[in-house]
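Student: FYI, the numbering used here numbers position 194 of the sequence shown as 194, with every residue one higher than the one before it.
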Amino acid sequence: MNWIEEYQLFLFDFDGLLVNTEDLHYRAYKEMCANRGFNLDWSFERYCQAAHYGARDVEKQIYERFPALKEKEPHWPTLYAEKKQAYLNLLRKGQVELMPGAEKMLTLLEKAEVNRCVVTNSAEELVSTIRKQNPILDSIPHWITREHYKEAKPSSECYEYAIEHLASKGAAVIGFEDSPRGITALQGTRAKAVLVTKIAYHDHDTFLEPDTLRYESMEDLLELDILPV
Numbered sequence: 001m002n003w004i005e006e007y008q009l010f011l012f013d014f015d016g017l018l019v020n021t022e023d024l025h026y027r028a029y030k031e032m033c034a035n036r037g038f039n040l041d042w043s044f045e046r047y048c049q050a051a052h053y054g055a056r057d058v059e060k061q062i063y064e065r066f067p068a069l070k071e072k073e074p075h076w077p078t079l080y081a082e083k084k085q086a087y088l089n090l091l092r093k094g095q096v097e098l099m100p101g102a103e104k105m106l107t108l109l110e111k112a113e114v115n116r117c118v119v120t121n122s123a124e125e126l127v128s129t130i131r132k133q134n135p136i137l138d139s140i141p142h143w144i145t146r147e148h149y150k151e152a153k154p155s156s157e158c159y160e161y162a163i164e165h166l167a168s169k170g171a172a173v174i175g176f177e178d179s180p181r182g183i184t185a186l187q188g189t190r191a192k193a194v195l196v197t198k199i200a201y202h203d204h205d206t207f208l209e210p211d212t213l214r215y216e217s218m219e220d221l222l223e224l225d226i227l228p229v
């Protein structure tokens, strides 16, 4: 982990990168549909293909899957609010686990006194619930949630906001994401971009820039002494 000394600011996505919440999001969408009388029979991998690209892809694909749902409730924010409540209920029922290697990574960065920030599409209410379950997350000094910016990922606005407020002009910045939409947002900035995921996105060549790094887990990163340029 000698490579952490090369960067002055670490930026982290949240869901699916630091905390294992993607399955809960998946279950919340299924529950929202079920409560409306529709069986969302997607596999988890199919859900990821829908949720991890564009900001409105889940909306589009659920409505395509269930035209009758769109006729019944064409106002997506209403359905999303129902999904959000289902997700929050799932969060409150049990302990959300950290992703492999996340706790060790955060502990090392805290000891090294490196500046770090979470940049997430999730709302503060959801994030705070998870932080209460995992105290190591409170070692991260800066949090940028959905309330802090206008355009959701894959827009780079959230990461540009973080860099503008937390990095000096010459500071080296590195960021970590687990999805196509997230890495697209990160690649739109001057930060070194790292994709961390085990999901085999079939079109990764279309959204990964040549200098973007890719690893399957934080544990893989922890084993490195030198990070490729």
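Every residue gets a Cβ at the ideal spot worked out from N, C-alpha and C, and that includes glycine.
Please read all numbers here as calculations on a predicted model, not as lab measurements.
Could you say if the segment 207 to 217 and the segment 182 to 193 meet the contact criterion of at least three C-beta pairs nearer than 8 Å?
Tutor: yes
Student: Can you name, in chain order, every residue of its own chain whose Cβ lies under 7 Å from the Cβ of residue 161, other than the five neighbours on each side?
Tutor: 144, 148 and 149
Student: Alpha carbons only, please: which of 58, 114 and 141 is nearest the one belonging to residue 5?
Tutor: 114
Student: Is the distance from the Cβ of residue 53 to the Cβ of residue 228 below 7 Å?
Tutor: no
Student: Looking only at its chain, what residues have a beta carbon closer than 8 Å to the beta carbon of residue 159, apart from the 5 residues adjacent to it on each side?
Tutor: 11, 119, 175, 185, 186, 188, 189 and 191
Student: Who pairs with residue 148 in a beta bridge, going by DSSP?
Tutor: DSSP lists no beta-bridge partner residue for residue 148.
Student: Could you give the DSSP three-state label for residue 202: helix, strand or coil?
Tutor: coil
Student: Report the three-state DSSP secondary structure of residue 192 (helix, strand or coil).
Tutor: The three-state secondary structure of residue 192, taken from DSSP, is strand.
Student: My understanding is that residue 167 touches residue 121, with C-beta atoms under 8 Å, so please give their C-beta distance in whole angstroms.
Tutor: Not a contact, Cβ separation roughly 21 Å.
Student: For the segment 152 to 176, list the alpha helix (DSSP H) runs that are entirely contained and at least 4 residues long, ordered along the chain.
Tutor: 157 to 166
Student: Between the segment 132 to 139 and the segment 24 to 41, do three or more beta carbon pairs fall short of 8 Å?
Tutor: no
Student: Is there a Cβ of chain D sitting closer than 7 Å to that of residue 91, yes or no?
Tutor: Among the chains in the structure shown there is no chain D, since it carries only a single protein chain.
Student: What whole-angstrom Cβ distance do residue 234 and residue 194 have, given they're in contact under 8 Å?
Tutor: Residue 234 falls outside the range modelled here, since the chain spans only 1 to 229, and no answer is possible.
Student: Does DSSP classify residue 114 as helix, strand or coil?
Tutor: The three-state secondary structure of residue 114, taken from DSSP, is coil.
Student: Spatial neighbours of residue 225 within its chain, please: C-beta separation below 8 Å, excluding the five flanking residues on both sides.
Tutor: 1, 2 and 3
Student: How far does the alpha helix (DSSP H) with residue 29 in it reach, from first residue to last?
Tutor: 22 to 35
Student: Quick check on DSSP: helix, strand or coil for residue 127?
Tutor: Here residue 127 sits in helix by DSSP.
Student: Determine the DSSP secondary structure at residue 215, reduced to helix, strand or coil.
Tutor: In this structure, residue 215 counts as strand in the three-state DSSP scheme.
Student: Where does residue 232 sit, in a helix, a strand or coil, going by DSSP?
Tutor: What is shown of the chain runs 1 to 229, which leaves residue 232 out entirely.
Student: Tell me which residue opens and which closes the beta strand (DSSP E) that residue 38 is part of.
Tutor: No beta strand (DSSP E) contains residue 38, which DSSP labels as neither H nor E.
Student: Looking only at its chain, what residues have a beta carbon closer than 8 Å to the beta carbon of residue 105, apart from the 5 residues adjacent to it on each side?
Tutor: 218, 221 and 222
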